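Student: What follows is a structure written as structure tokens; I'll ask about it next.
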Amino acid sequence: MADAIPWKKEYSVNIQELDEQHKLLIQMINDLHGVIVKKHDPGTVCEVLARLIHYTRTHFEEEEALMRNSDFPGYEAHKARHDQFIGEVEALKRRAKMSHGSEQLVGMEMLFKLKDWLVDHIVVMDMDYSRHVQNRSVVRS
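Below, the structure written as structure tokens:
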């Protein structure tokens, strides 16, 4: 089965640790795709989604620390997008739990939302802070 999102070099923010985290997020979305396509029960979908949400929060915390440490001027807007995304995914998770027979439809909607959001977020918003951090030569702690 093909991945829902293959990694592309244009997704690189040129910060190795964050690129590795983005690759893992993409793999988790690909795992979710596999669970949905194979029509696993809603509990399995919710488990995979819960792991994705947990890791996404961890990743966002690292990005936000990097932005704060570099005095990134777009920090507040970027953090607001992170918070909005977590809220949207939590809502999708609740819908998946209550889908009663339409798990695949809810799952595919969720998958498209995750895919579109992550790719757009990386290539637009994350590239913005990446350029800032690299121009400032911020050393991560």
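First residue of the sequence shown: 44, per the working numbering; consecutive thereafter.
Even glycine gets a Cβ: it sits at the ideal position worked out from N, Cα and C.
Quantities reported herein were computed from a predicted structural model and do not represent experimental measurements.
Is it buried or exposed, P116, if we count other Cβ atoms within 10 angstroms and call 16 or more buried?
Tutor: exposed
Student: Cα separation between M71 and N178?
Tutor: 31 Å
Student: Checking 8 Å against the spacing of the C-beta atoms, do V91 and L75 come in under that value?
Tutor: Their beta carbons are under 8 Å apart, which means V91 touches L75 by this criterion.
Student: Assuming V80 contacts D169 under a Cβ cut-off of 8 Å, what Cβ separation, rounded to an integer in Å, is found between them?
Tutor: Rounded, the Cβ-Cβ distance is 28 Å, inconsistent with contact.
Student: Short of 8 Å in beta carbon distance, which residues of its chain neighbour C89, apart from the five on each side in sequence? Order them along the chain.
Tutor: K136, A139 and K140
Student: Assuming contact is defined by CB atoms lying nearer than 8 Å, are E107 and H83 in contact in what I supplied?
Tutor: H83 is positioned such that its CB atom lies no closer than 8 Å to that of E107.
Student: Could you give the DSSP three-state label for S241: helix, strand or coil?
Tutor: Here the chain comprises residues numbered 44 to 184, so residue 241 is not present and cannot be evaluated.
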